[in-house]
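Going down the list, the protein sequences come from chains F and Z. Each step along the first sequence adds one to the number in this note's numbering, with nothing skipped, and position 80 is 160. Each step along the second sequence adds one to the number in this note's numbering, with nothing skipped, and position 30 is 39. I have placed the structure first, in the form of structure tokens, so that the comments after it can refer back to it.
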Amino acid sequence: MRLLPTPSWRSDDDLPRGGPLDDLYSALRAPGRPNELRHAPQVMERFRSSRTGRKSPSRPRRRIRSAFTIPAVIATICISGAGAGYASALPPAVQHAVHRVLGPLGVPGAHHGHHTHASGAGQH
Amino acid sequence: LTLLGPKGVSDAGPLAELPEQPDGLVDRARRGDEVAFAILWRTLQPPLLRYLHVVAGPAADDMASEAWSQVVRDLHRFDGDGLAFRGWLFTIARHRAIDSARYRGRKRRTPVGGGRSRVMASAEEEATTVLSTHEALHLLAELPARQAEAVALRVIAGFDTASAASIAQTSTAALRVNLHRGLRCLAQDPRLRELQDQAQ
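Okay, structure coming up:
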């Protein structure tokens, strides 16, 4: 949430004064009129219902759901990538990268079909 | 809540009603305190509505209502003091006004006097002041948009130049130039001088 630089409550230092401007400032800053405050009941009702809605159990559930979603997505991507690596179904550059990480576990290199015993990266 | 009753409107001006330490009010409102939220609303609604009349014309009422709805919805996530709250509210309102203007495909805001403005001058106000709020907003809304917004943010909303520039998404220097040009135009406006002469 973007916060503003902290201002003084009202800083009038650089406002020109005198003549008709003083009357203008007074008019623009006149007390709130009943007409301007007539939506108070609706706003307060919204505030009340918002507070009531927040106490419902839906929010914690949503938080728990989001806490599990991200690790689950990451795990899915890792398992799928490893599986595809074992099957040599990845593009050569990706296969090479996966081989560098999971080579000791048996993931073949990018050119596995051409080289029968590639034990490490850069070995041809 | 009696705080919100029309009779409770203070004569000290809309901004003068906010306590010296509004941070406590925001904290209390965030925790669900209705009275604290009511005070914040009652204090900030008039300047917000007037600002929106300048930048959004007759749609001001709807824009203000939408801005408060968003504030109510996201208040529990808001992290800042009372002054930051005020900036947050006006920033939301400004975005709403921009979205609305884009939606309607308007190139320029409609002046306050062009629609059915709801900031109507009461008979009491007319009798006791040189210039009514309605007339002042009408004059202000006739300025070029950037000048009008600069004056509205500085004079109506009471922000300092840096905060007003941040809300208007412009530089401090540009806002200051627009502010002074706008105020110079208003000071030279013959209608404003005429109203002042009538009152004397």
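In this text, a Cβ means the ideal position worked out from N, Cα and C, and glycines have one as well.
For leucine 204 (chain Z), count neighbouring Cβ atoms within 10 angstroms of its own Cβ and tell me buried if that reaches 16, exposed if not. The residue is buried, with at least 16 neighbouring Cβ atoms inside 10 Å.
So that I know if they touch, is there some Cβ in chain F lying closer than 8 Å to that of isoleucine 165 (chain Z)? Answer yes: the Cβ-Cβ gap between isoleucine 165 (chain Z) and chain F drops below 8 Å somewhere.
Determine the chain F residues that contact glutamate 158 (chain Z) at a beta-carbon separation under 7 Å, and present them in chain order. Correct list: empty, because the minimum Cβ distance to chain F is about 13 Å.
Could you check whether the Cβ of threonine 181 (chain Z) sits closer than 8 Å to any Cβ belonging to chain F? no
8 Å Cβ cutoff, glycine 100 (chain F) in contact with chain Z: At residue 100 (chain F) the sequence reads proline, which differs from the glycine that was named. Yes - at least one Cβ of chain Z is within 8 Å of the one on proline 100 (chain F).
Assuming contact is defined by CB atoms lying nearer than 8 Å, are histidine 179 (chain F) and glycine 165 (chain F) in contact in what I supplied? yes
Output the distance between the C-alpha atoms of glutamine 206 (chain F) and isoleucine 101 (chain Z), rounded to the nearest integer angstrom. Because chain F is modelled from 81 through 204, residue 206 (chain F) falls outside the range shown and cannot be assessed.
Euclidean distance between Cα positions of alanine 147 (chain F) and threonine 156 (chain F): 15 Å
I want to verify the contact list: residues of chain Z whose CB lies under 8 Å from the CB of proline 171 (chain F), in sequence order. Near proline 171 (chain F) there are no residues of chain Z at all, since even the closest Cβ is about 42 Å away, more than 8 Å.
Could you round the C-beta distance between arginine 200 (chain Z) and leucine 146 (chain Z) to whole angstroms and report it? I think they count as a contact, below 8 Å. In fact, because the Cβ distance is near 13 Å, the residues do not count as touching under 8 Å.
is_contact[arginine 126 (chain F), chain Z] using C-beta, thresh 8 Å: For arginine 126 (chain F), the answer is yes, since a Cβ of chain Z falls inside 8 Å of its Cβ.
Is alanine 45 (chain Z) close to the ligand ZN? I mean its beta-carbon at under 7 Å from any heavy atom of the ligand. This structure lacks the ligand ZN, and indeed carries no ligand of any kind.
Return the Cβ separation of leucine 149 (chain Z) and alanine 166 (chain Z) in integer angstroms, given the expectation that the two are a contact with Cβ distance under 8 Å. That belief does not hold up - the Cβ atoms of leucine 149 (chain Z) and alanine 166 (chain Z) are roughly 12 Å apart, past 8 Å.
Determine, using beta carbons only, whether valine 178 (chain F) comes closer than 8 Å to chain Z. no
Quick one: using the 10 Å Cβ neighbour count with 16 as the cut-off for buried, is aspartate 206 (chain Z) buried or exposed? Residue environment for aspartate 206 (chain Z): exposed (fewer than 16 other C-beta atoms within 10 angstroms of its C-beta).
The alpha helix (DSSP H) that contains valine 81 (chain Z), what's its start and end? 69-83
So, helix, strand or coil for proline 172 (chain F), using DSSP? helix
So which residues of chain F does arginine 59 (chain Z) contact, with C-beta pairs closer than 7 Å? Leu108
Count the CB pairs spanning the region 105-114 of chain F and the region 177-193 of chain Z that are closer than 8 Å, and state whether there are at least three. The region 105-114 of chain F, when compared against the region 177-193 of chain Z, does not touch it at the 8 Å Cβ threshold.
Using the beta-carbon of each residue, which ones in chain Z are nearer than 8 Å to arginine 131 (chain F)? Gly41
Just mark valine 181 (chain F) as buried or exposed, buried being the case when its beta carbon has 16 or more other beta carbons within 10 Å. Looking at its Cβ environment, which holds fewer than 16 other Cβ atoms inside 10 Å, valine 181 (chain F) is exposed.
Is alanine 73 (chain Z) closer than 8 Å to leucine 49 (chain Z) when the C-beta atoms are compared? No, Cβ-Cβ distance for leucine 49 (chain Z) and alanine 73 (chain Z) is not below 8 Å.
What span of residues does the alpha helix (DSSP H) with isoleucine 176 (chain Z) cover, start to end? 170-177
Tell me, to the nearest whole angstrom, how far the beta carbon of alanine 157 (chain Z) is from that of valine 63 (chain Z); I am working on the premise that it is less than 8 Å. 5 Å
Using the beta-carbon of each residue, which ones in chain F are nearer than 9 Å to alanine 145 (chain Z)? Asp103, Leu104, Tyr105, Ser106, Ala107, Leu108 and Ala110
If you run the structure through DSSP and keep just helix, strand and coil, what is phenylalanine 87 (chain Z)? coil
According to DSSP, simplified to helix, strand and coil, what is proline 96 (chain F)? Correct three-state label for proline 96 (chain F): coil.
I want to verify the contact list: residues of chain F whose CB lies under 9 Å from the CB of alanine 102 (chain Z), in sequence order. Within chain F, no residue comes near alanine 102 (chain Z); the closest Cβ sits about 14 Å away, beyond 9 Å.
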